[in-house]
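Participant:
Residue numbers (my numbering): 14 to 247.
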């Protein structure tokens, strides 16, 4: 399981790579906040069974957000309604909706749209991705309750060809699927299922491997340089 700092480090790298000269502290803050919100489902776990890795780590929310960004980017400006005292309730509701749409379109800028797509990218690849490729997330919750994990090795053998253990092509049919009913992820907020004793140990991960430490150092370095360059351009 990757720590929140690892998620933020990846988000910083994505922001620096995708925004080009529009990279600044505000854009970085948006990306970091987006990936932090993914892990906030940890606070739901004591209330909702196995909510961590399910409620926030699902592709459903970024998919809906992407649809919203796409609609906002394509929507046209509706014509103002006629001033008619005798308008029906439906016409009045339609005009209120049109007024809301006009405000949305007025606030629409190329930068804001790019930030919207950035949020989608960092949530999927920096927020959900590291946990999917370590020990699993509930990718389609609440539509479909099942945890998925893409973790293993890929190697090229001179005798066996390409060998991979990332995707199990012959799963054991006797093993039940991992769901919120039978899967629990221990966290510092909710270390054990059910009630914990007063002296329970709570562990909050920072880095699980040297590679994650390297990732955080590299991200901090690149982001710092990009922020310094952004300040010089002003």
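Just so you know, even glycine gets a beta-carbon here, dropped at the ideal spot from N, CA and C. None of the values given here were measured: they were computed from a predicted structure.
With a threshold of 16 other CB atoms inside 10 Å of the CB of residue 75, please say whether the residue is buried or exposed.
Facilitator: On the chain shown, position 62 is the one that residue 75 refers to. Classification for residue 75: buried.
Participant: With distance defined between alpha-carbon atoms, name the residue in 179, 160, 223 nearest to residue 71.
Facilitator: For the purposes of this step, residue 71 is taken as the residue at position 58 of the chain shown. Distances from the alpha-carbon of residue 71 to those of 179, 160, 223 put 160 closest.
Participant: DSSP three-state label for residue 16, please.
Facilitator: Taking the chain shown and counting its residues from 1, one reaches residue 16 at position 3. Coil, per DSSP.
Participant: DSSP on residue 224, reduced to helix/strand/coil?
Facilitator: Position 211 of the chain shown, counted from the first residue, corresponds to residue 224. It is helical.
Participant: Could you tell me whether any non-hydrogen atom of the ligand NAD is closer than 7 angstroms to the CB of residue 215?
Facilitator: Absence of the ligand NAD is noted for the structure shown, with no ligands found whatsoever.
Participant: Apart from the five residues on each side of it in sequence, which residues of its chain come closer than 6 angstroms, Cβ to Cβ, to residue 86?
Facilitator: Taking the first residue of the chain shown as position 1, residue 86 is located at position 73. Answer for residue 86: 126, listed in chain order.
Participant: How long is the line joining the alpha carbons of residue 21 and residue 198, rounded to whole angstroms?
Facilitator: Stepping through the chain shown from its first residue, residue 21 is reached at position 8. Stepping through the chain shown from its first residue, residue 198 is reached at position 185. Going by the C-alpha atoms only, they are around 20 angstroms apart.
Participant: Have a look at residue 168 and residue 149 and give me their C-alpha separation to the nearest angstrom.
Facilitator: If you number the chain shown from 1, residue 168 lands on position 155. If you number the chain shown from 1, residue 149 lands on position 136. Their Cα atoms are separated by approximately 22 angstroms.
Participant: Quick check on DSSP: helix, strand or coil for residue 141?
Facilitator: The count along the chain shown starts at 1 and reaches residue 141 at position 128. It is helical.
Participant: Whole angstroms are fine: how far does the CA of residue 33 sit from the CA of residue 15?
Facilitator: Position 2 of the chain shown holds residue 15. Position 20 of the chain shown holds residue 33. Going from the Cα of residue 15 to the Cα of residue 33 covers about 27 angstroms.
Participant: When you compare the CB of residue 126 with every CB in chain B, is at least one pair closer than 8 angstroms?
Facilitator: Checking the listed chains, one finds no chain B in this structure; it contains a single protein chain.
Participant: Would you kindly report the start and end of the unbroken beta strand (DSSP E) that includes residue 73?
Facilitator: Numbered from its first residue, the chain shown carries residue 73 at position 60. Per DSSP, residue 73 belongs to no beta strand (DSSP E); it is in the alpha helix (DSSP H), 73 to 87.
Participant: Taking the alpha-carbon positions, what's the residue 78 to residue 53 distance?
Facilitator: For the purposes of this step, residue 78 is taken as the residue at position 65 of the chain shown. For the purposes of this step, residue 53 is taken as the residue at position 40 of the chain shown. The C-alpha of residue 78 lies about 17 angstroms from the C-alpha of residue 53.
Participant: What's the gap between the Cα of residue 179 and the Cα of residue 143?
Facilitator: Position 166 of the chain shown holds residue 179. Position 130 of the chain shown holds residue 143. Cα-Cα distance, rounded: 14 angstroms.
Participant: Could you work out which residue in 17, 29, 18 is closest to residue 241 when comparing CA atoms only?
Facilitator: Locating residue 241 in the chain shown gives position 228, counting from the first residue. Residue 29 holds the alpha-carbon nearest to the alpha-carbon of residue 241 among 17, 29, 18.
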